[in-house]
Amino acid sequence: MQPPSSISPLVSATPGAWPLPLQKLRFQIQFNGLDVAQGVSTAPVTIAAQQQAQVPVQVEVNSATLLSLIATLPSDGTVRYMIQGTAEIGQTMLQIPFSHSGAVRLILQ
């Protein structure tokens with residue numbers, strides 16, 4: 004069975020004084036330490052200096068892992084997440100690693 008996929012925006016920012024020509028973005032997403040999704044950028048985007056932009060990404064979700072995560076949610080619905088990957092800059096093929104983590108509260112109805 005193929006995992007579901009979709010195209011979603013991911014917000015990226017550059018704190019520097021120059022625009023950032025983002026050629027490719029690859030990433031993985033973990034919820035509570037479980038790998039639940041992976042993705043890749045679908046189009047080059049230039050992020051203006053000291054700005055942020057939405058980057059369209061193709062996302063593949065591991066449905067079985069996601070369902071098992073939902074079944075074991077704590078009573079308050081808090082899920083720790085981590086997004087990590089690499090950004091390919093310009094025509095240099097330079098790959099810069101990135102990561103971001105935090106927590107969200109899911110409310111299932």
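Using this note's numbering, the first residue of the sequence shown is number 4, and each one after it goes up by one.
All C-beta atoms in this analysis are idealised placements derived from N, C-alpha and C, irrespective of residue type, glycine included.
None of these values were measured; they are calculated from a predicted model.
Answer with buried or exposed for residue i, where buried requires no fewer than 16 other C-beta atoms within 10 angstroms of its C-beta.
i: A20; result: exposed
i: S78; result: exposed
If I'm right that residue i touches residue j with Cβ under 8 Å, what's the distance once you round it to whole angstroms?
i: L109; j: L76; result: 7 Å
i: L70; j: N35; result: Not quite, the Cβ-Cβ distance comes to about 13 Å (not below 8 Å), so this is no contact.
i: L97; j: V60; result: Not a contact, Cβ separation roughly 19 Å.
Less than 8 Å between the beta carbons of residue i and residue j, yes or no?
i: V62; j: A40; result: yes
i: S102; j: I92; result: no
i: A52; j: P22; result: yes
Based on Cα-Cα distance, which residue from the options lies nearest to residue i?
i: S104; options: L25, R83 and V58; result: R83
i: L111; options: M96, G88, S66 and A74; result: A74
With a cut-off of 8 Å, does the C-beta of residue i fall near any C-beta of chain C?
i: L25; result: Checking the listed chains, one finds no chain C in this structure; it contains a single protein chain.
Using a Cβ-Cβ cut-off of 8 Å (strictly less than) and excluding sequence neighbours within five positions of residue i, which residues of its own chain qualify?
i: L25; result: S15, S44, P47, V48, T49, I50, V58, A90, E91 and I92
Whose C-beta lies closer than 7 Å to the C-beta of residue i among residues of the same chain, with five residues either side of it excluded?
i: T81; result: A106 and R108
i: I99; result: T89, A90 and I92
In chain order, what residues of the same chain lie with their CB nearer than 6 Å to the CB of residue i, ignoring the 5 residues before and after it?
i: Q5; result: Residue placement at Q5 is poorly supported in this model, since its pLDDT is 37, which falls under 50; the coordinates are not used for a value here.
i: G32; result: It should be pointed out that residue 32 corresponds to Ile in this sequence rather than to Gly. Contacts found: V39, A40 and I86.
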